[in-house]
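Q: This structure is in structure tokens; I'll ask about it shortly.
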Amino acid sequence: MARARGRTVARQMLVWQLLVVLVVVVGGTGLAWFDARQDSRADARAQSLDVSLAVAASPAVLDALDDPDPSVVLQPYAERVRKATGTDFVVVMSTKGIRYSHPNPDNIGKKFIGHIDAALKGKDFTEDFRGTLGPSVRAVVPIKEDGEVRGLVSVGITTKKVDDEVFAVLPRIIAAALAIGVLGAIGAALANRRLRRQTHGLGEQEITRMYEYYDAVLRAVREGLLLLDPTGRLTLMNDEASRLLDLDASFVGSTIDRLGLEPVLVAELTSGRQLQDAVHVVGDRVLVVNQAPAHWDGRDVGSVVTLRDRTELQSVTAELDTVRGLAEALRAQNHESSNRMHTMVSLIEIGRSQEAIDFATRELDVARRLTDRMVESIDEPVIAALLLGKSAQAAERGVTLTIEPATDVTGLATTAHEAVTILGNLIDNAIDAAQSSDERQVSVTISSTTRLLRVRVEDSGPGIEPQDRETVFVRGWSTKADEGTGRGIGLALVGQLVRRHGGEATIGESPLGGAAFDVRIGS
Numbered sequence: 000m001a002r003a004r005g006r007t008v009a010r011q012m013l014v015w016q017l018l019v020v021l022v023v024v025v026g027g028t029g030l031a032w033f034d035a036r037q038d039s040r041a042d043a044r045a046q047s048l049d050v051s052l053a054v055a056a057s058p059a060v061l062d063a064l065d066d067p068d069p070s071v072v073l074q075p076y077a078e079r080v081r082k083a084t085g086t087d088f089v090v091v092m093s094t095k096g097i098r099y100s101h102p103n104p105d106n107i108g109k110k111f112i113g114h115i116d117a118a119l120k121g122k123d124f125t126e127d128f129r130g131t132l133g134p135s136v137r138a139v140v141p142i143k144e145d146g147e148v149r150g151l152v153s154v155g156i157t158t159k160k161v162d163d164e165v166f167a168v169l170p171r172i173i174a175a176a177l178a179i180g181v182l183g184a185i186g187a188a189l190a191n192r193r194l195r196r197q198t199h200g201l202g203e204q205e206i207t208r209m210y211e212y213y214d215a216v217l218r219a220v221r222e223g224l225l226l227l228d229p230t231g232r233l234t235l236m237n238d239e240a241s242r243l244l245d246l247d248a249s250f251v252g253s254t255i256d257r258l259g260l261e262p263v264l265v266a267e268l269t270s271g272r273q274l275q276d277a278v279h280v281v282g283d284r285v286l287v288v289n290q291a292p293a294h295w296d297g298r299d300v301g302s303v304v305t306l307r308d309r310t311e312l313q314s315v316t317a318e319l320d321t322v323r324g325l326a327e328a329l330r331a332q333n334h335e336s337s338n339r340m341h342t343m344v345s346l347i348e349i350g351r352s353q354e355a356i357d358f359a360t361r362e363l364d365v366a367r368r369l370t371d372r373m374v375e376s377i378d379e380p381v382i383a384a385l386l387l388g389k390s391a392q393a394a395e396r397g398v399t400l401t402i403e404p405a406t407d408v409t410g411l412a413t414t415a416h417e418a419v420t421i422l423g424n425l426i427d428n429a430i431d432a433a434q435s436s437d438e439r440q441v442s443v444t445i446s447s448t449t450r451l452l453r454v455r456v457e458d459s460g461p462g463i464e465p466q467d468r469e470t471v472f473v474r475g476w477s478t479k480a481d482e483g484t485g486r487g488i489g490l491a492l493v494g495q496l497v498r499r500h501g502g503e504a505t506i507g508e509s510p511l512g513g514a515a516f517d518v519r520i521g522s
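Set out below in structure tokens:
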């Protein structure tokens with residue numbers, strides 16, 4: 000597949016991540032410098048105010064204000080304080096703003112440049128102002144005696160000195176920002192490497208097209224499709240699979256054993272073996288399941304499971320099997336009739352006419368009694384034909400099939416096709432089981448109206464173990480080895496039809512020695 004302009008998703012993400020890192024580093028550096036500058040100015044204000052309050056509270060300053068020339072005392076004192084505190088100026092002035100001290104002695108006696116109105120009212124304040132030493136951060140505090148303002152003190156630090164302190168810490172800020180930028184770039188490179196590996200170096204247009212095509216294919220395909228990761232977790236499920244398994248999107252991400260599937264199917268899907276056209280009953284459906292491993296660059300990335308709905312096909316197959324059984328029964332009856340005819344002809348040829356008449360009378364009486372019983376107790380011709388055919392089929396296989404006198408069919412609570420599927424599979428299973436016993440007996444009792452269908456089929460076979468009775472109708476259970484022909488589907492179809500109609504199917508022990516299957520549909 001051609002690469003879209005040679006720009007992979009991983010490379011684009013790397014560029015964006017580096018841009019984000021750059022913006023964060025530059026913005027963070029700017030914010031750190033601004034914060035440091037604000038902190039430095041706040042510290043300068045606090046320091047100026049503290050020094051001003053200390054000078055204003057000094058008794059020596061208050062006494063010097065009464066001298067004829069206060070500067071003689073205040074100038075040396077102010078300079079000592081300025082040097083000790085690291086401030087740029089300490090100015091003591093009169094209430095009219097005339098300086099008594101200044102770092103530049105030439106400014107002594109001149110008027111103070113700045114605001115003093117609030118201080119004259121007895122209030123302390125700080126301000127940014129440009130004076131004789133340039134822009135500065137200053138504090139102005141009144142000198143009070145008995146509540147009366149006797150003079151003023153202003154202490155300040157030049158803005159240049161404040162900024163110099165900020166620039167002094169700027170290298171550390173830049174170093175920290177560079178360290179963060181390097182770590183961010185390394186993280187972006189590692190993320191890019193992982194993303195490139197996960198996207199297989201594809202561009203965004205390629206990924207978009209792949210998603211659109213794959214989504215369209217998954218929705219259009221007629222088969223159910225499941226993708227499992229190596230741990231057996233469901234990673235993808237198309238609409239058909241959701242319908243067949245009766246699952247919604249919330250099951251994506253769950254392990255296969257949490258999807259409500261039959262244990263046999265779960266075991267096969269998690270075994271790691273390849274499945275080919277395995278037939279399973281899931282809910283009310285017969286599904287053909289295939290599973291194949293999925294590999295990428297020699298790595299096992301899970302498996303692909305496909306599901307095909309065989310329910311209708313299985314129903315048609317069951318119906319075909321029933322028709323075949325009837326045809327086989329007719330063939331068997333024709334064979335038996337031919338044998339009887341030859342016997343009677345041979346008896347006549349050898350002059351045994353009375354024996355021929357007696358033989359024909361007995362055979363006709365047996366057939367008549369069976370037919371009369373069917374006609375009297377079964378109003379549904381399809382059921383009657385099925386039982387006649389199964390009787391002949393059982394007789395050919397050496398099994399005696401008995402239609403109990405309690406049989407009474409006046410209507411059907413299901414369709415004729417569904418009734419044939421239920422009854423035919425139960426009788427076939429019973430005949431197969433009875434063949435392995437010495438008695439070779441099968442008993443059938445049917446009670447059916449338009450609202451209720453009750454079927455009981457008993458055999459003289461080996462029976463069914465109690466631990467297997469709960470699973471006989473659920474999964475494709477069979478006592479015969481599965482040779483790839485889908486054995487075990489018959490009883491599963493019976494269970495499927497019973498569940499579809501909200502009925503009940505149970506298994507018990509038969510007086511004949513084998514199993515007794517009871518089916519009840521309707522009320």
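The opening position of the sequence shown corresponds to residue 0 in numbering that gives the first Met the number 0, with each subsequent residue numbered one higher.
Heads up, the beta-carbon is just placed ideally off N, CA and C, and yes, glycines get one too.
Taking only runs that begin and end inside the segment 381-453, name each unbroken beta strand (DSSP E) of 3 or more residues, in chain order.
A: Runs found: 399-402 and 440-447.
Q: Taking 8 Å as the threshold, find out whether the segment 165-184 comes into contact with the segment 142-157 through three or more Cβ pairs.
A: Flag = no, the segment 165-184 and the segment 142-157 do not touch.
Q: Would the segment 104-112 and the segment 20-35 be scored as touching if the rule is three or more Cβ pairs under 8 Å?
A: In short, these stretches do not touch, since the Cβ pair count stays below three.
Q: In the DSSP assignment, what are the bridge partners of M236?
A: Sequence index remark: in the sequence shown, residue 236 carries index 237 (1-based). Partner(s): L225.
Q: Within this structure, are the beta carbons of S300 and H294 separated by less than 8 Å?
A: For the purposes of this step, residue 300 is taken as residue 301 along the sequence shown, with counting starting at 1. For the purposes of this step, residue 294 is taken as residue 295 along the sequence shown, with counting starting at 1. Note on identity: in this sequence residue 300 is Val, with Ser being the wrong assignment. Yes, Cβ-Cβ distance for V300 and H294 is below 8 Å.
Q: Can you check the segment 227-308 for any alpha helix (DSSP H) of at least 4 residues that lies completely inside it and give the ranges in chain order?
A: Listed in chain order, the complete alpha helix (DSSP H) runs (minimum 4 residues) inside the segment 227-308 are 238-244 and 262-268.
Q: Within its chain, find whatever has a CB closer than 8 Å to the CB of V381; leave out the 5 residues flanking it on each side and keep chain order.
A: Counted from its first residue, the sequence shown places residue 381 at position 382. Excluding sequence neighbours, V381 sits near A415, A418 and V419.
Q: For chain B, check one thing: does any of its Cβ atoms lie closer than 8 Å to the Cβ of W15?
A: Going by chain labels, chain B is absent from the structure shown, which holds only one protein chain.
Q: With contact counted as at least three CB pairs below 8 Å, one residue from each stretch, are the segment 36-54 and the segment 135-144 in contact?
A: Touching, per the Cβ criterion.
Q: Go ahead and label G502 buried or exposed: buried means 16 or more other beta carbons lie within 10 angstroms of its beta carbon, across all protein chains shown.
A: Locating residue 502 in the sequence shown gives position 503, counting from the first residue. With 16 or more other Cβ atoms within 10 Å, it is buried.
Q: Between the alpha carbons of E403 and G223, how many angstroms are there, rounded?
A: Translated into positions along the sequence shown, residue 403 becomes position 404. Translated into positions along the sequence shown, residue 223 becomes position 224. Their backbone Cα atoms lie some 46 Å apart in a straight line.
Q: Since L132 and F88 are thought to touch, with beta carbons under 8 Å apart, how far apart are those beta carbons, to the nearest angstrom?
A: The sequence position of residue 132 within the sequence shown is 133, counting from 1. The sequence position of residue 88 within the sequence shown is 89, counting from 1. The pair is a contact, with the Cβ atoms about 6 Å apart (cut-off 8 Å).
Q: My guess is that G460 and A384 are in contact by the Cβ rule of under 8 Å, so how many angstroms apart are they, rounded?
A: Looking up residue 460 in the sequence shown gives position 461. Looking up residue 384 in the sequence shown gives position 385. G460 to A384, Cβ: 25 Å. No contact.
Q: Helix, strand or coil for I172, going by three-state DSSP, please let me know.
A: On the sequence shown, residue 172 is found 173 positions in, with the first residue counted as 1. Helix.
Q: Compute the Euclidean distance between the alpha carbons of L452 and E438, then round it to the nearest angstrom.
A: Counted from its first residue, the sequence shown places residue 452 at position 453. Counted from its first residue, the sequence shown places residue 438 at position 439. Cα-Cα distance, rounded: 29 Å.
Q: Express the C-alpha separation of L258 and F472 in angstroms, rounding to a whole number.
A: Taking the first residue of the sequence shown as position 1, residue 472 is located at position 473. Taking the first residue of the sequence shown as position 1, residue 258 is located at position 259. Roughly 20 Å separates the two Cα atoms.
Q: Whole angstroms is fine: what's the gap from P510's alpha carbon to M236's?
A: Sequence index remark: in the sequence shown, residue 510 carries index 511 (1-based). Sequence index remark: in the sequence shown, residue 236 carries index 237 (1-based). C-alpha separation (whole angstroms): 49 Å.
Q: For the alpha helix (DSSP H) holding D116, just list the boundary residues, first then last.
A: Along the sequence shown, read from residue 1 onward, the residue named residue 116 stands at position 117. Note, D116: alpha helix (DSSP H), D116 to L119.
Q: Could you tell me which of V251, L244, R221 and D431 sits nearest to D228, measuring between CA atoms?
A: Counting from 1 along the sequence shown, the entry for residue 228 is found at position 229. Nearest of V251, L244, R221 and D431 to D228, Cα basis: V251.
Q: Would I377 be called buried (16 or more neighbouring beta carbons within 10 Å of its own) or exposed?
A: Numbered from 1 along the sequence shown, position 378 holds the residue referred to as residue 377. Buried, because 16 or more other Cβ atoms sit within 10 Å of the Cβ of I377.
Q: Give me the residue from V280, P58 and E267 with the minimum Cα distance to Q495.
A: The residue given as residue 495 occupies position 496 in the sequence shown. When each option's Cα is compared against that of Q495, the closest is V280.
Q: Grouping DSSP H, G and I as helix and E and B as strand, with all else coil, what is E379?
A: Here residue 379 refers to the residue found at position 380 of the sequence shown. Of the three classes helix, strand and coil, the one that applies to E379 here is coil, per DSSP.
Q: According to DSSP, is E503 helix, strand or coil?
A: In the sequence shown, counting from the first residue as 1, residue 503 sits at position 504. DSSP places E503 in strand when its eight states are reduced to three.
Q: Let me know if I285 comes out buried or exposed under the rule of 16 or more other beta-carbons within 10 Å of its beta-carbon.
A: Working through the sequence shown from its first residue, we reach residue 285 at position 286. The sequence shown places Val at residue 285, not Ile. Burial call: buried.
Q: Consider the C-beta atom of T305 and the heavy atoms of the ligand SAM; say whether any pair is separated by less than 7 Å.
A: The ligand SAM is not among the ligands present in this structure, which contains no ligands whatsoever.
Q: Short check: CB of I142 to CB of G130, under 8 Å?
A: By 1-based counting over the sequence shown, the position of residue 142 is 143. By 1-based counting over the sequence shown, the position of residue 130 is 131. Their beta carbons are not under 8 Å apart, which means I142 does not touch G130 by this criterion.
Q: How should F516 be labelled, buried or exposed, when 16 other C-beta atoms within 10 angstroms of its C-beta is the threshold for buried?
A: Translated into positions along the sequence shown, residue 516 becomes position 517. With 16 or more Cβ atoms within 10 Å of its Cβ, F516 is classed as buried.
Q: What does the alpha-carbon distance come out to for the pair L18 and A188?
A: Stepping through the sequence shown from its first residue, residue 18 is reached at position 19. Stepping through the sequence shown from its first residue, residue 188 is reached at position 189. Answer to the nearest angstrom: the Cα atoms are 13 Å apart.
Q: Could you give the DSSP three-state label for E457: helix, strand or coil?
A: Stepping through the sequence shown from its first residue, residue 457 is reached at position 458. Note: E457 maps to strand in three-state DSSP.
Q: Which word fits E239, buried or exposed, when buried means at least 16 other C-beta atoms lie within 10 angstroms of its C-beta?
A: Position 240 of the sequence shown, counted from the first residue, corresponds to residue 239. E239 comes out buried.
Q: Just tell me which of L182, M92, A83 and T86 has its CA closest to the CA of S70.
A: Your numbering for residue 70 matches position 71 in the sequence shown. Ranking the options by Cα distance to S70, first place goes to M92.
Q: If we call anything under 8 Å between Cβ atoms a contact, is N428 one with G489?
A: Taking the first residue of the sequence shown as position 1, residue 428 is located at position 429. Taking the first residue of the sequence shown as position 1, residue 489 is located at position 490. A contact, by the Cβ cut-off of 8 Å.
Q: Could you pull the DSSP bridge partners for S153 from this structure?
A: As a first step, residue 153 must be located in the sequence shown, where it is residue number 154. For S153, which the question treats as bridged, DSSP gives the partners V90 and V139.
Q: What span of residues does the alpha helix (DSSP H) with D127 cover, start to end?
A: Along the sequence shown, read from residue 1 onward, the residue named residue 127 stands at position 128. From DSSP, D127 is part of no alpha helix (DSSP H) but of the beta strand (DSSP E) over F124 to G130.
Q: Could you spell out where the beta strand (DSSP E) holding R519 opens and where it closes?
A: Translated into the one-based positions of the sequence shown, residue 519 becomes position 520. First-last of the beta strand (DSSP E) with R519: A514 to G521.
Q: Looking only at DSSP bridge pairs, what is I97 linked to?
A: Residue mapping note: residue 97 aligns to position 98 of the sequence shown, counting from 1. K110.
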